[in-house]
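Chemist:
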Amino acid sequence: MSTLESILKETRSFSPSDDFRQKAIVSGMESYNTLCEQANQDYEAFWANLARELITWHKPFSRVLDDSAAPFFKWFDDGELNVSYNCLDRHLAQHGHSTAIIFEADDGKVSHVSYSELHRRVCLFANGLKSLNIGKGDRVIIYMPMGVEAVVAMQACARIGAIHSVVFGGFSAGAVRDRIADTAARLVITANEGLRGGKSVPLKATVDEALTLEGCDTVEHVVVYQRTNGGAHWQEGRDIWWHKLIEGQSEQCEPEWMNAEDPLFILYTSGSTGKPKGIQHSCGGYLLGATNSFRWVFDYKPGDVYWCTADVGWITGHSYICYGPLANAATQVIFEGIPTYPDAARFWRMIEQHKVSIFYTAPTAIRSLIKLGADLPKEYDLSSLRLLGTVGEPINPEAWMWYYETVGGSRCPIVDTWWQTETGSIQIAPLPGAVATKPGSCTLPLPGVIADIVDESGAPVEPGSGGFLVIKKPFPSLVRTIWNDPERFKKTYFPEEFNGQYYLAGDSAHRDENGYVWIMGRVDDVLNVSGHRLGTMEIESALVANPLVAEAAVVGKPHDVKGEAVVAFVVLKGARPTGEAAKKMAAELKNWVAHEIGKIAQPDDIRFGENLPKTRSGKIMRRLLRSIAKGEAITQDTSTLENPQILDQLAEPL
Ligand code: PRX
63 MSTLESILKE TRSFSPSDDF RQKAIVSGME SYNTLCEQAN QDYEAFWANL ARELITWHKP
123 FSRVLDDSAA PFFKWFDDGE LNVSYNCLDR HLAQHGHSTA IIFEADDGKV SHVSYSELHR
183 RVCLFANGLK SLNIGKGDRV IIYMPMGVEA VVAMQACARI GAIHSVVFGG FSAGAVRDRI
243 ADTAARLVIT ANEGLRGGKS VPLKATVDEA LTLEGCDTVE HVVVYQRTNG GAHWQEGRDI
303 WWHKLIEGQS EQCEPEWMNA EDPLFILYTS GSTGKPKGIQ HSCGGYLLGA TNSFRWVFDY
363 KPGDVYWCTA DVGWITGHSY ICYGPLANAA TQVIFEGIPT YPDAARFWRM IEQHKVSIFY
423 TAPTAIRSLI KLGADLPKEY DLSSLRLLGT VGEPINPEAW MWYYETVGGS RCPIVDTWWQ
483 TETGSIQIAP LPGAVATKPG SCTLPLPGVI ADIVDESGAP VEPGSGGFLV IKKPFPSLVR
543 TIWNDPERFK KTYFPEEFNG QYYLAGDSAH RDENGYVWIM GRVDDVLNVS GHRLGTMEIE
603 SALVANPLVA EAAVVGKPHD VKGEAVVAFV VLKGARPTGE AAKKMAAELK NWVAHEIGKI
663 AQPDDIRFGE NLPKTRSGKI MRRLLRSIAK GEAITQDTST LENPQILDQL AEPL
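Using the working numbering, read the sequence shown as starting at 63 and increasing by one per residue.
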C-alpha cells in the first residue's frame, strides 16, 4: 500500500521535445496509436509484417501463430533463419567497416571492432566449435567475463545452432554445476580469469570445481580464453585454449539454417522454488522481439552510439547487447568492470569519451552513483546524450529526476523499460518520440502487447487499484517452455486461475487515470536485489545445505541503493548463538551462501532464533519476518502464532 500511495502523488509529466519527436522512428502519439490499432485489427498480420520487414529469412514462413498446443505457442514455425546471419552477414555489404563494438576494459583500454572483424571472429570460433564436434542442438555453457569474446561465443553458438546457456560470472561453482547438469552441456566456454574493479575473478578455477561435482560428466571440453597473464590449472585432453582452437580455422562459416522454433538459448532465472528455471527462447520470435523493440524503444538511428551497461549473464545483456543492437547494425559500447572503478565517474567519463548518445542502465547503479557523487556528471561533457533508459526494477521518482536533470540535462527522454527474462524483450515502456514520461512509471505497453492488470478472478481492476500484471495474448519473444519442465512452465505462467489464457508475469501493478502502468513489485517469493532476481527459496535451500543449519527463512527488506536486501532468519541444529559466537556464525553463513550461489545472494543481515514464527499448522509467517527485518514494531495479529516469544529473539540485532 505504501508504494501505491506514494506513487499516486506523482503528477509530473515530461513530453519529448518537438525536435526529438520529429526525428523519432515512432513519431508522436498518433503513430503510436496507429500501430496499436493495427495490432488490434489483425494481430497476426501485425507481427508477420514486422517479421518480414526486420528479419532476413532463409526460407520464408507461411504460418504466423500456431496456438493449437497452447500455452506452448509457435511463431513463424515453417520459416528458417539464422540469428547470427541476421546480426552479422547481412550487414557486411553496407556496414562492414562500421564499428560494431567499442570495448572498454576494466583498466580503461579501448578497442574497436568493425562488423566485418566481428563476423571474422565469430566464424573462426564457430569453426573451432565445430572441430570439437559441437553442432545443432548441443548445449554449451558460457561463463565468461564481459567483453567482445563473450559476444563472439554467443554468436558462434547461434551460428552453428548450438544452444547457449550463459552463466553470470559472479555465480559460484554450485550454480555452474546446476546449469551444466540441467542442460546436460557438452562444452563449457570460459576464461582463465575475469577482471572486475581491479580484482581478478577466478573463472576457470570455478569451472574446475564445478566439474568435480555430481552431474557434470556430460562435459567433454572446456575452452579457455586467455584474458589475463594469470595461469590456469590444466586438464590435458579436456581443456583447450581459445587461441589454439581457432588456429588454422577458416574465416568463413556457413550458418546453420534453423527452424524459427528451434531453441536459441536457455537462460536460468530464479522463481519461487529452490531450483532456478531454464527459460528457453526460440530463434525466430525472440530475434523479432529483440530487434523490433531495440528500434522502437531506443529509437536507434545510424550515427548513434548506444551503451547498455548490463552483463551478458543476464537477459538484458542477451537482448540489448548481443542480439538486438547487432541485428540493427548498431554501434555499441561494451564495458568490463563496475560503475565505481577506478572511481564513481567511470560512466560519465565513458559517455564523454565515446560520445554515447543512448545510455541504458539500472536504477541501482543510478542510486549508488548519486550517493558517491551527485555532482560528478557536471564535470563531464554529456552533451552527446539524447536518450536515457532504465531496467530491472522500479525507479524511485527522486532517482529518476536526478537522472533526467543531472545526467540528461533535462533534454533526454527516459525510457523506463519493464520486461523479464521470460518476455525476452521490452513489453512496457514509453516510445520516446511519442509517449510522455512520468517519473516512476514504465508508462504504456508497446504496440502489439496486450497487457492488463487483473484481480484473482482475471477481471480487470479499476484505475488506482493494484492487481496482477498479465499479458493476454501470446507474443513472438515469449518464453517457449522451461527446459526439462514443461509442467512447471504451464503452472507458473499460464495458471488455471485465469483458465490458462493469460501470461502471468509475477508482478503486481496498478494503472493511473491515463492508463500508465506503475509496477509495484513481485507477487511471488522472488527478491529484486540490485536489479537481480533471487528466489528466497533458493537462498533458503543454500542455507539449509550447511550441516549446522536446521531451518532458514529468507525475506527482503528495503535498501536505499540495492532496492531490496536479503535478510535471513536461521535456526541452528545446536544452541542459538549469541554475542561474538553469533557474529562469527553469521559471517560463516554469508560466506557459505556466496560459495553456494554467488556473492549477489549473500544476506546483508542474519538473525538467529531457537525457532521460526509459525502458525499452528506449521506455516512460517513471512509477513512477520518482513516486519522484523524492517525493524518495525509488530502490529499484526500474532494470536495464531505457535511460539510468540521467539519474535524477540529474531528481532535482536547481532
Ligand atoms: O519485477 C520486475 C522487475 O524485474 C523482474 C524481471 O527480472 P529479470 O527476469 O531478471 O529481468 C530483468 C531485466 C529485464 C520483473 O518481474 N523489473 C524489470 N524491469 C522493471 C522491473 N520492475 C519495475 N520497473 C521496471 N522497468
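C-beta atoms are modelled at their ideal positions from N, C-alpha and C, and glycine is treated no differently.
1) Quick check: the segment 572-582 against the segment 592-601, are at least 3 beta-carbon pairs closer than 8 Å?
2) Any contact between the segment 354-361 and the segment 550-569? By contact I mean 3 or more CB pairs, one from each, below 8 Å.
3) What are the boundary residues of the beta strand (DSSP E) that includes Ala-627?
4) Measuring alpha carbon to alpha carbon, tell me which of Phe-551, Pro-387, Asp-699, Gly-375 ends up nearest Ala-132.
5) Figure out for me which residue from Arg-258, Ser-332, Leu-349, Gln-311 has the closest Cα to the Cα of Leu-326.
6) Which term fits Ser-75, buried or exposed, when burial requires 16 or more other beta carbons within 10 angstroms of its beta carbon?
7) Which residue or residues does DSSP assign as beta-bridge partners of Tyr-287?
8) Compute the Euclidean distance between the alpha carbons of Lys-624 and Thr-426, then round it to the nearest angstrom.
9) Can you tell me whether Ile-544 sits near the ligand PRX, meaning its C-beta is under 7 Å from at least one heavy atom of the ligand?
10) How long is the line joining the alpha carbons of Thr-353 and Lys-635, rounded to whole angstroms?
11) For a test of the three-state rule: what should DSSP assign to His-705, helix, strand or coil?
12) For the 8 Å Cβ check, are there 3 or more pairs between the segment 166-177 and the segment 393-404?
13) Quick check: what's the CA-CA separation for Ile-163 versus Ile-383?
14) Where does Leu-434 fall in DSSP's three states?
15) Under 7 Å: does the beta carbon of Asp-569 sit that close to some heavy atom of the ligand PRX?
16) Between Gly-502 and Ile-457, which are expected to be in contact by the criterion C-beta below 8 Å, what is the C-beta distance as a whole number of angstroms?
17) Does the ligand PRX have even one heavy atom less than 7 Å from the beta-carbon of Trp-376?
18) Within the same chain, show all residues whose beta-carbon is closer than 7 Å to that of Leu-66, passing over the 5 residues directly before and after it, in chain order.
19) For Ser-146, name the three-state secondary structure that DSSP assigns.
20) So what's Pro-325 in DSSP terms, helix, strand or just coil?
21) Roughly how many angstroms separate the alpha carbons of Lys-6 and Ala-407, rounded to a whole number?
22) In chain order, what are the residue ranges of uninterrupted alpha helix (DSSP H) at least 4 long that sit wholly in the segment 352-393?
23) Specify, as a first and last residue, the run of the alpha helix (DSSP H) that Arg-248 falls within.
24) With a CB to CB cut of under 6 Å and the five nearest residues on each side skipped, what residues in its chain are close to Pro-509?
25) List the endpoints of the continuous beta strand (DSSP E) containing Gly-568.
26) Would you list the one or two residues that DSSP bridges to Phe-397?
27) By Cβ distance, which residues of its chain are closer than 6 Å to Thr-468, with the 5 residues on each side in sequence left out?
28) May I ask you to list the residues that DSSP assigns as paired with Arg-595?
29) So, for Leu-506: in the same chain, excluding its five sequence neighbours on each side, which residues have a beta-carbon less than 6 Å away from its beta-carbon?
30) Tell me which residue opens and which closes the alpha helix (DSSP H) that Lys-198 is part of.
31) Can you tell me which residues form a DSSP beta bridge with Ser-176?
32) For Asp-128, which of helix, strand or coil comes out of DSSP?
33) Looking at the secondary structure, which residues open and close the alpha helix (DSSP H) in which Leu-450 lies?
34) Compute every distance between the C-beta of Arg-595 and the non-hydrogen atoms of the ligand PRX, then say whether any falls below 7 Å.
35) Within this structure, are the beta carbons of Ile-222 and Glu-318 separated by less than 8 Å?
36) Would you call the CB atoms of Arg-201 and Ala-243 closer than 8 Å?
Modeler: In short, the structure shows the following:
1) no
2) no
3) 625-634
4) Looking at the Cα atoms, Phe-551 is the closest of the given residues.
5) Leu-349
6) For Ser-75, the number of other beta carbons within 10 angstroms of its own is below 16, and it is reported as exposed.
7) Ala-253
8) 5 Å
9) no
10) 53 Å
11) Inspection of the sequence shows that residue 705 is occupied by Asn rather than by His. Looking at Asn-705 - three-state DSSP - the assignment turns out to be coil, as it is neither helix nor strand.
12) These segments touch.
13) 10 Å
14) helix
15) At least one heavy atom of the ligand PRX is nearer than 7 Å to the Cβ of Asp-569, so yes.
16) The C-beta distance from Gly-502 to Ile-457 rounds to 6 Å, short enough to fall under 8 Å.
17) Checking the Cβ of Trp-376 against the ligand PRX gives yes.
18) Residue confidence is low: Leu-66 scores 41 on pLDDT, short of 50, so the model does not pin down where it sits. Its coordinate-derived value is still stated next. Once the five neighbours on either side are set aside, the close Cβ partners of Leu-66 are Gly-528, His-572, Met-582.
19) helix
20) strand
21) This structure cannot speak to residue 6, because the chain is shown only from 63 to 716.
22) 386-389
23) Note, Arg-248: premise wrong, no alpha helix (DSSP H); not H, not E.
24) Leu-97, Cys-98, Ala-101
25) 565-573
26) Glu-166
27) Same-chain partners within the cutoff: Pro-439.
28) According to DSSP, Arg-595 bridges with Asn-590.
29) Val-497
30) Premise fails: Lys-198 is in no alpha helix (DSSP H) and is neither H nor E.
31) Thr-161
32) strand
33) Unbroken run through Leu-450 is the beta strand (DSSP E), 449-453; no alpha helix (DSSP H).
34) Relative to the non-hydrogen atoms of the ligand PRX, the Cβ of Arg-595 comes within a distance shorter than 7 Å of at least one.
35) yes
36) no
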